[in-house]
Amino acid sequence: MANISLQEFREISGLSDTAVIWLLTNNSLVCSVDKEKGILIDVDSLDYNKLTSELATKLNDEFLNNKSILSARITKVVKENLADIISEAVKDIEG
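Reading the sequence shown from the start, the letters are residues 254 to 348 in the working numbering.
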């Protein structure tokens, strides 16, 4: 069993704190607690396909839940930059 610290796992994986917490909360990471080293992740037990699938599902769910917020933000950016967008489009058309 090869254990690495939770911090090291996060740094190596490149996952956000939120994603790591989600994985821990959903029992997707085998971990133990050491008095000196803190939370340790068992890297030998990682199922990378399962982790990838679970994270993709989480991200998709978050996207669907925040779709209206994202849509509103995109609409705002487009409105704020509409004149520039149109000018660039006209320049591209005119060659």
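Beta carbons are placed, not taken as given, at the ideal position from N, Cα and C, and that holds for glycine.
If we ignore side chains and look at the alpha-carbon of each, how far apart do residue i and residue j end up?
i       : j       : result
Leu-259 : Ile-294 : 6 angstroms
Gly-348 : Ile-338 : 15 angstroms
Asn-280 : Val-343 : 54 angstroms
Helix, strand or coil for residue i per DSSP?
i       : result
Asn-280 : coil
Ser-269 : coil
Quick check on the DSSP output: the beta strand (DSSP E) that includes residue i runs from which residue to which?
i       : result
Asp-345 : Run containing Asp-345: none in the beta strand (DSSP E); it sits in the alpha helix (DSSP H), 335-347.
Leu-293 : 291-295
Ser-266 : Segment 259-266 is the alpha helix (DSSP H) holding Ser-266; no beta strand (DSSP E) there.
Looking at the secondary structure, which residues open and close the alpha helix (DSSP H) in which residue i lies?
i       : result
Glu-306 : The amino acid occupying residue 306 in the given sequence is Ser; Glu does not appear at that position. 301-318 is the span of the alpha helix (DSSP H), which, as asked, contains Ser-306.
Do residue j and residue i count as a contact pair if the criterion is CB distance below 8 angstroms?
i       : j       : result
Leu-323 : Ala-272 : no
Would you call the region 321-336 and the region 295-304 in contact, with 3 or more CB pairs under 8 angstroms? no
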